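Since the structure comes first, as C-alpha cells, the remarks are kept for the end.
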Amino acid sequence: MVDGLLAGQAAMVRTAILHTCAEQHVSINDVVAGARSVVITHPRDNAEVVRALLSSIDVSGAVEISPVIAPSVTLAVDYSGPDLDYVAQQCGLTSQEVVTLHSGAKYVVEFCGFSPGFAYLTGLPTVLHLPRRATPRPRVPRGAVAIAAQYSAVYPRESPGGWHLLGVTNHELWNMTRDEPATLTPGTIVSFEQIT
Amino acid sequence: MTLIVERAGLTTVQDYGRPGWAHVGVPHSGAVDRGSFLLANRLAGNERSAAMLETSGGLALRASVAVTVVITGADTNAYINDQPLAHCKATLVHPGDTIRINRVLNGMRCYVAFTGGVHGLAQLHSLSHDSLSEIVPMPLTVGGEITLGATDRLATSLDVPIVPRRSPRLSLHPGPHHSLLTLEQRHGLATQKWITAQDSNRIGVRLTSSALRRNEFPELLSLPLVRGAVQLTPGGELVVMLADHPTTGGYPVVGVLASDDVDDIAQRPSGTPVVLGW
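Chains A and B supply the protein sequences, listed in that same order. Be aware that the first sequence starts at 43, since it is given in the working numbering, and climbs by one per residue. Be aware that the second sequence starts at 57, since it is given in the working numbering, and climbs by one per residue.
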C-alpha cells in the first residue's frame, strides 16, 4: 500500500506502478487507487519483489513521471436533474450558474468504487462542494450526473445513491462486452457539455 | 454432460474470482472459503480455479449423465437419492440420480465440485456470481441446466474428511489505520467478546459485542479495500471484508486477517464467538 498521497496523485501513482510492473515482468492481481492511497494485491509468492518495486517508485515525483497521454471523454448532459435548484439555492447561485460552473470545469478520474464503472471525479469548483443528501434516494437513474463533497460522478446504472443530481447523460459508462468495460478509468480526463 | 437444477436454494456458481477489475469498481468475488474451494477442485481432479457450486443449502440437482461429485467446506445433510453423500469423498452419480444438499451444519457454506468443472460463458473472465455488483454469468434457475466439462482426470477421496478449521484465536495484523487507535482501544479489540452478527453475507462478516465502544474517528477519504480488511464502524462494530467486498471504503481499516483466518471466520454461523488478538 502507498499512502499519504496528495489530491490527484493516486491515479498517476497507479499508472506508474502498472508501467513498472509491466517493464519488470512482475505479476500482480490488482492496482487500485483510492482518494489518497494505492493498494497493490499480488500472488503471495512475489511479496518481496512487489515490496522492492514499490520502494523503487518515486511517489513524490509521480506527477512529473506520468508522460502517459491520458484518455479524455466529453459527456453530453441534459441538466434537468431534480436537485439542480436545491444545489443553486444552497450555493447562493442561479441554476444556470451551477450548470455553467459544472460544465465549465475539467475533471480527472481520481479512483473508482461504489459500483462497477462508478468514477470519483476531482475538479469540481469549490463553490459547488456540498455534503451529500441527508437521506439517500433508493433509486437513482442510470446516467445521472451528480455531485457530493469535492467530487462529481455519473451513476453507470440504476442504483441507490445519496448524491445531488444535476442532470443525466446518455453516454454508456459500463458495458461488460467491451474490452474496456468502464468508460471512466483512473486518470481519464472528463468534461461535461450542456445539451441545448 | 449436464445437471438439471431442481431446486437452487442458496446456491451460486463460483470460481477463483475476477481479479484485475477492482480499479474500475468490480469486486474480486469468487469462493468465500478459498481453502475448501481449492480442496474440492483438488479432490475432483480439476484445475485449481475450475468453477463449482457454493451453497448454504436447499440445493437439488438431477444428473442426466454419470458425473463424479465432491463436497467440501461446512458439513452437510447431503444425499444422492436417499443415500447419504459423504464429505470429501469422490462419489459417482448415475444418470437420473438426484443430488440433494438440504442444509449445511455447523458452518455457512459447502462446495460442490464436479469432475470436469462447471462450464459457461464468463463475464470479465470469471463465472463467479458477484452479489455486490450483481454480475451473474450463470444464474441458477429451476429447470435450468449446468454444463460440465469433459475430462479424463481422476478424482480422489480423503479417508478422514477435512471440515473448516475453527481457530480459538484469530490474529489481527495491523491495518493502515491501526495508529488511530489508542492503546486502550487496541487492547479493547483484543479482549472484547465478539460474536458473528446475523446479517453477514458474501460481502462481509459483521462482528458485534454486548459492550460496544463508540469512537469519534474523523471521516476518512475512500481507500482501496482488500479481502480480510477489518473495518471499525463509528458504533464500535467490526466488519471483515469477504469475497464480494466493495473495492473502496471510508471506515478506518484497523486490522487485516490472514487468508486462512478469513476462510475460518466466513464459515462461522451467526452468534458464534470470535476471539481476536494482535
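Glycine included, C-beta positions come from ideal geometry on N, C-alpha and C. Only a predicted model underlies this, so the values are computations on that prediction, with no experimental measurement involved.
Sequence-distant residues of the same chain with beta carbon closer than 7 Å to residue i, five excluded per side
| i | result |
| --- | --- |
| serine 79/A | Met43, Val44, Asp45, Leu47 and Ala52 |
| alanine 195/A | Phe160, Ala161, Tyr162, Leu163, Ala188 and Trp205 |
| leucine 95/B | Thr128 and Ile218 |
| threonine 238/A | none |
| arginine 181/A | Glu200 and Pro202 |
| threonine 136/A | Ala130 |
| serine 256/B | Arg262 and Ser326 |
| serine 132/A | Reading off the sequence, residue 132/A comes out as glutamine, not serine. Here the set comprises Leu172. |
| glycine 81/B | Thr303 |
| leucine 148/B | Ala122 and Thr124 |
Residue i, buried or exposed, once every other Cβ within 10 Å from all chains shown has been counted against 16
| i | result |
| --- | --- |
| glutamate 200/A | exposed |
| glutamine 248/B | buried |
| glycine 200/B | exposed |
| glutamine 254/B | exposed |
| valine 61/B | buried |
| asparagine 97/B | buried |
| glutamate 272/B | exposed |
| glutamine 247/A | Here chain A comprises residues numbered 43 to 238, so residue 247/A is not present and cannot be evaluated. |
| glycine 291/B | exposed |
| valine 331/B | exposed |
| proline 274/B | exposed |
| glutamate 110/B | buried |
| arginine 56/A | buried |
| serine 223/B | exposed |
| glutamate 152/A | buried |
| alanine 64/A | exposed |
| glycine 176/B | exposed |
| serine 69/A | exposed |
| threonine 225/A | buried |
| aspartate 87/A | exposed |
| proline 140/B | exposed |
| proline 223/A | buried |
Cβ neighbours of residue i in the same chain (closer than 6 Å, five flanking residues each side left out)
| i | result |
| --- | --- |
| proline 167/A | Leu143 and Ala147 |
| arginine 175/A | Gly204 |
| asparagine 102/B | Gly173 |
| valine 81/A | Met43 and Val74 |
| leucine 214/B | Cys144 |
| glycine 305/B | Leu281 |
| isoleucine 321/B | Val261 and Val296 |
| phenylalanine 93/B | Ala87 and Tyr167 |
| aspartate 186/B | Pro83, Ser85 and Asp300 |
| valine 129/A | Val140 and His206 |
| serine 248/A | Because chain A in this structure spans residues 43 to 238, residue 248/A falls outside the shown range and cannot be described. |
| threonine 328/B | Thr252 |
Neighbourhood of residue i by C-beta, 8 Å cutoff - its chain only, sequence neighbours within 5 removed
| i | result |
| --- | --- |
| alanine 89/A | none |
| proline 183/A | Tyr197, Glu200 and Val210 |
| arginine 225/B | Val331, Leu332 and Gly333 |
| leucine 277/B | Gly306 |
| proline 75/B | His84 |
| proline 124/A | Leu207 |
beta-carbon residue i near the ligand GDP non-hydrogen atom, thresh 7 Å
| i | result |
| --- | --- |
| serine 114/A | No copy of the ligand GDP occurs in the structure displayed, which carries no ligand at all. |
Should the region 274-286 of chain B be called in touch with the region 225-238 of chain B, which here means at least 3 C-beta pairs below 8 Å?
At 8 Å Cβ cutoff, the stretches touch.
Quick one: any contact between the region 180-192 of chain A and the region 311-331 of chain B, if contact means 3 or more CB pairs under 8 Å?
Here the region 180-192 of chain A does not lie against the region 311-331 of chain B, with fewer than 3 beta-carbon pairs under 8 Å apart.
Report yes or no: do the region 162-171 of chain B and the region 236-243 of chain B share at least 3 C-beta pairs separated by less than 8 Å?
Not touching, per the Cβ criterion.
At 3 residues or longer, what runs of the beta strand (DSSP E) sit wholly inside the region 57-93 of chain B?
58-63 and 67-70, all fully within the region 57-93 of chain B.
Using a Cβ-Cβ cutoff of 8 Å, what residues of the region 247-278 of chain B are near chain A? List them in chain order.
Going along the region 247-278 of chain B in chain order, one finds Leu277 and Ser278 with a Cβ nearer than 8 Å to chain A.
Near-chain A residues of the region 299-310 of chain B - C-beta to any C-beta below 7 Å
Of all residues in the region 299-310 of chain B, Pro302, Thr303 and Thr304 have a Cβ within less than 7 Å of some Cβ in chain A.
Where in the region 230-289 of chain B do unbroken runs of the alpha helix (DSSP H), each at least 4 residues long, occur, reported from the N-terminal end onward?
Given a length threshold of 4 residues, each whole run of the alpha helix (DSSP H) inside the region 230-289 of chain B is given here in chain order: 239-247.
Give the residues from the region 61-84 of chain A that approach chain B closer than 8 Å (Cβ to any Cβ), ordered along the chain.
So the close ones are Asn71, Asp72, Val73, Val74, Ala75, Gly76, Ala77, Arg78, Ser79, Val80, Val81 and Thr83.
To be precise: take each residue of the region 168-180 of chain A, compare its Cβ to all Cβ atoms of chain B, and keep it if any distance is under 8 Å. Which residues remain?
So nothing in the stretch comes that close.
Positions along the region 201-219 of chain A whose CB lies within less than 7 Å of some CB in chain B
Along the region 201-219 of chain A, going in chain order, the ones with a CB nearer than 7 Å to a CB of chain B are Met218.
On the three-pair Cβ rule with 8 Å, is the region 112-127 of chain B touching the region 149-161 of chain B?
Pairwise C-beta distances place the region 112-127 of chain B in contact with the region 149-161 of chain B, as three or more of them are shorter than 8 Å.
Check whether the region 128-137 of chain B touches the region 185-200 of chain B, counting contact only when three or more Cβ pairs, one atom from each stretch, lie closer than 8 Å.
In short, these stretches do not touch, since the Cβ pair count stays below three.
Can you pull out the residues from the region 62-81 of chain B whose beta carbon lies closer than 8 Å to at least one beta carbon of chain A?
Listed by position along the chain: Pro75, Gly76, Trp77, Ala78, His79, Val80 and Gly81.
Check whether the region 224-238 of chain A and the region 117-126 of chain A are in contact - that is, three or more C-beta pairs closer than 8 Å.
Short answer: they touch.
Enumerated in chain order, which unbroken segments of the beta strand (DSSP E) with a length of 3 residues or greater are wholly contained in the region 84-155 of chain B?
With a minimum length of 3 residues, the continuous beta strand (DSSP E) runs that stay inside the region 84-155 of chain B are 108-111, 113-119, 123-136 and 147-149.
Give the residues from the region 281-293 of chain B that approach chain A closer than 7 Å (Cβ to any Cβ), ordered along the chain.
Residues Val282.
Contact residues within the region 216-236 of chain B, judged by C-beta distance below 9 Å to chain A:
Correct list: Pro232.
In chain order, what are the residue ranges of uninterrupted alpha helix (DSSP H) at least 4 long that sit wholly in the region 103-164 of chain A?
Listed in chain order, they are 126-133 and 137-146.
Taking any Cβ of chain B, which residues in the region 127-141 of chain A have a Cβ under 8 Å from it, in chain order?
Those residues of the region 127-141 of chain A that come within reach of chain B (Cβ to Cβ, closer than 8 Å) do not exist; the list is empty.
For the region 222-234 of chain A, which residues have a beta carbon sitting closer than 9 Å to at least one beta carbon of chain B?
Hits within the stretch, in order: Glu222, Pro223, Ala224, Leu226, Thr227 and Pro228.
Against chain A, which members of the region 170-190 of chain B pass a CB distance test of less than 7 Å?
Correct list: Gln179, Leu180 and Ser189.
Segments of 4+ residues assigned as alpha helix (DSSP H) that fall wholly inside the region 60-103 of chain A
List check, alpha helix (DSSP H) in window: 89-98.
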